[in-house]
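What follows is a set of notes on a single structure, which appears directly below.
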Amino acid sequence: MRILVTRRWPQAVEKALADKFDVTFNSDDKPLSKNDLVKAMGEFDVLCPTVSDAIDAEVIAGGDRVRLIANYGVGFDHIDIAAAKAKGIAVSNTPGVLTDATADLALTLMLMATRRAGEGERQLRAGKWTGWGPTHMVGSALNGKVLGCIGFGRIGQATAARAHHGFGMKVAYYARREMPQASEVDGTFYPDLAELLAVSDVVSLHIPGGAETANLIDAAALAAMKRGSYLINTARGGVVDHEALAEALRSGQLAGAGLDVYPAEPQVPECLLGLENVVLLPHLGSANAETREAMGMRALANVEAFAAGEPLPDPVA
Numbered sequence: 043m044r045i046l047v048t049r050r051w052p053q054a055v056e057k058a059l060a061d062k063f064d065v066t067f068n069s070d071d072k073p074l075s076k077n078d079l080v081k082a083m084g085e086f087d088v089l090c091p092t093v094s095d096a097i098d099a100e101v102i103a104g105g106d107r108v109r110l111i112a113n114y115g116v117g118f119d120h121i122d123i124a125a126a127k128a129k130g131i132a133v134s135n136t137p138g139v140l141t142d143a144t145a146d147l148a149l150t151l152m153l154m155a156t157r158r159a160g161e162g163e164r165q166l167r168a169g170k171w172t173g174w175g176p177t178h179m180v181g182s183a184l185n186g187k188v189l190g191c192i193g194f195g196r197i198g199q200a201t202a203a204r205a206h207h208g209f210g211m212k213v214a215y216y217a218r219r220e221m222p223q224a225s226e227v228d229g230t231f232y233p234d235l236a237e238l239l240a241v242s243d244v245v246s247l248h249i250p251g252g253a254e255t256a257n258l259i260d261a262a263a264l265a266a267m268k269r270g271s272y273l274i275n276t277a278r279g280g281v282v283d284h285e286a287l288a289e290a291l292r293s294g295q296l297a298g299a300g301l302d303v304y305p306a307e308p309q310v311p312e313c314l315l316g317l318e319n320v321v322l323l324p325h326l327g328s329a330n331a332e333t334r335e336a337m338g339m340r341a342l343a344n345v346e347a348f349a350a351g352e353p354l355p356d357p358v359a
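As structure tokens, then:
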């Protein structure tokens, strides 16, 4: 069974794969071209992509050999699931293992935005800091403020737990249905998005990407938020209208934002780059050594199950 891994994975995972299968690694770690991915569909039995690989219908139609797409990551909106299903190709992901890392980063962005940490570091490094002062770079406290989680799955719940138990925040959440886990953080369910936005001091996004959620946070949603509130996004870049976000940040409707994801990575929306009140990170949500290795081992478990003819541990399609 031949396997293609489209980007470099942690060394321990690559060794575990190579010990068991005929694996081709992308040695220079540059994103493969669309033509490379099309060719791979006819040359390999398993394709192991990442979020940087667009596995669309054209790629999937490129060949008839691939029978499993074992995604390295929990999000799979970069894969055309309908096209894969139509061709009888199984798809798996790596849920659960990156929950804590992503929740940690959501809190990192929250603290950086509310305490103006990015702005402060830029000022200091530029040699513009003139010393401590009572009114210098004053930000916002988190204790007693309302965290509004849009989406309340594993990562939303972990973020809420950190915010509530660690920083004394109140928790509100918007989801398809009430979640019993919300009782652990005294969370209040809001079935209406605009109502959640109106009561939240910090809004944190924890929903999948794709057509259903595209530009969910648009100009109207940003206008519904509390004036002087904050937006945090560790979910998917396409969930936010970034032109509208830039205007909300310029006008003061939002005091700040913290973003780790963008619609067309590695490009970052130009409208945000000149703004001081937005923290911009390069998709670091799962970027700690323990999590990245666990993600790879989870993907490996799906490949092993597939090779043995057993049910996939983490089927998407």
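Taking the working numbering, the leading residue of the sequence shown gets 43, the next gets one more, and so forth.
Every residue gets a Cβ at the ideal spot worked out from N, C-alpha and C, and that includes glycine.
In chain order, what residues of the same chain have a beta carbon less than 6 angstroms from the beta carbon of residue i, not counting five sequence neighbours either side?
i: A205; result: L189, M211
i: F194; result: Y215, A217, M221
i: L151; result: I274, G300, V321
i: A290; result: L264, L296
i: M179; result: R158, G162
i: P305; result: G279, G280
i: G105; result: M83, G84
i: W171; result: Q165
i: P308; result: none
Should residue i be listed as close to the ligand COA, given that the test is whether its C-beta is under 7 angstroms from any heavy atom?
i: R278; result: The model depicted lacks the ligand COA and carries no ligand whatsoever.
State the CB to CB distance for the pair residue i and residue j, rounded to an integer number of angstroms; the pair is presumed to be in contact (CB under 8 angstroms).
i: N135; j: V116; result: 5 angstroms
i: V47; j: F67; result: 5 angstroms
i: S271; j: V310; result: Not quite, the Cβ-Cβ distance comes to about 22 angstroms (not below 8 angstroms), so this is no contact.
i: T141; j: I197; result: 5 angstroms
i: D95; j: P73; result: 7 angstroms
i: A336; j: V139; result: 4 angstroms
i: A286; j: A253; result: With a Cβ gap of about 19 angstroms, A286 and A253 do not count as contacting.
i: A349; j: Y114; result: No, A349 and Y114 are not in contact; Cβ-Cβ is about 17 angstroms, not under 8 angstroms.
i: D119; j: G251; result: 4 angstroms
i: D98; j: D122; result: 5 angstroms
With a threshold of 7 angstroms on Cβ separation, who are the neighbours of residue i within its own chain once the five nearest residues in sequence on each side are excluded?
i: A126; result: I102, I111, V133, A359
i: A266; result: A236, L239, A240
i: Q199; result: Q223
i: V303; result: N275, T276, A277, R278, G279, H325
i: V65; result: I45, V47, L59
i: N35; result: In this structure the chain extends from 43 to 359, so residue 35 is not present and cannot be described.
i: A145; result: I197, A200, T201, R204
i: G181; result: T156, R157, R158
i: K268; result: A240, S242, D243
i: M154; result: G160, G300, V321
Identify every residue that forms a DSSP beta bridge with residue i.
i: A299; result: L273, V320
i: L46; result: T66, L89
i: V188; result: K212
i: A112; result: S134
i: I197; result: I197 pairs with nothing; no bridge assigned.
i: P357; result: S134
i: I121; result: I97
Please classify residue i: does DSSP put it in a helix, a strand, or coil?
i: S134; result: strand
i: G175; result: coil
i: V310; result: coil
i: L147; result: helix
i: V101; result: helix
i: A350; result: coil
i: L59; result: helix
i: A343; result: helix
i: D106; result: coil
i: K127; result: helix
i: L315; result: helix
i: A336; result: helix
i: A54; result: helix
i: A183; result: coil
i: S293; result: helix
i: A329; result: coil
Residues in its own chain within less than 8 angstroms of residue i by CB, not counting five upstream and five downstream?
i: A331; result: P52
i: G186; result: G210, M211, K212
i: R334; result: W51, P52, S328
Beta strand (DSSP E) runs wholly inside the segment 64 to 96, at least 3 long, in chain order: 64 to 67, 88 to 90
Within the segment 203 to 290, ranges of the alpha helix (DSSP H) (whole runs, at least 4 residues): 235 to 241, 261 to 266
Uninterrupted beta strand (DSSP E) stretches inside the segment 149 to 174 (no shorter than 3 residues): Listed in chain order, nothing qualifies, since the segment 149 to 174 has no complete beta strand (DSSP E) run of 3 or more residues.
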